[in-house]
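With the working numbering applied, the sequence shown closes on residue 140, and no number is skipped along the way. Notes to accompany the following structure.
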Amino acid sequence: MTVNVNSSIPVTTQIVPQLSTANGTLTEIATTQHQVGAAINASANKISSSIEQAEQSRATQDSFARQSERLEESRRSFAVPETICTESTSGSAARVSSQARATQSSYARGGGVSNKTIKHALTDATPAAPEQVQYQSA
């Protein structure tokens, strides 16, 4: 096999400029890939942040719901009846009435009364007017 070389174009005038163009294109491709990677990372960070915020909101809502449930349960379990004042008053009234009856029965027998006129009025069997009976029993 024979090779004939009629002419030769120098490497620096033809090949090097083409290699420089290819090298520039490769640099642009690498820069673009780097920018795409950075954009993907930024997007992933935003998505991650959104997920984290959503989870925090859900946890806060769950906590609020549990607290509300516990408060409602406590309200139902430890409710003060609306009749508490009436019940308290009626209990006191029952004690006062009981003590008044005991004192009245003691006076009816004349016990504890040193004045003879009053003692006679309390123990006298003479019927009195209804107004006097009511006044004496009060």
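For glycine and all other residues, C-beta sits at the position ideal for the given N, C-alpha and C. None of the values given here were measured: they were computed from a predicted structure.
Asked, Found
"Best match in ASN8, VAL7 and SER22 for proximity to THR14 [C-alpha to C-alpha]", "SER22"
"CA-to-CA distance, PRO19 to ALA56, given in whole angstroms", "55 Å"
"THR4 - DSSP class collapsed to helix/strand/coil", "coil"
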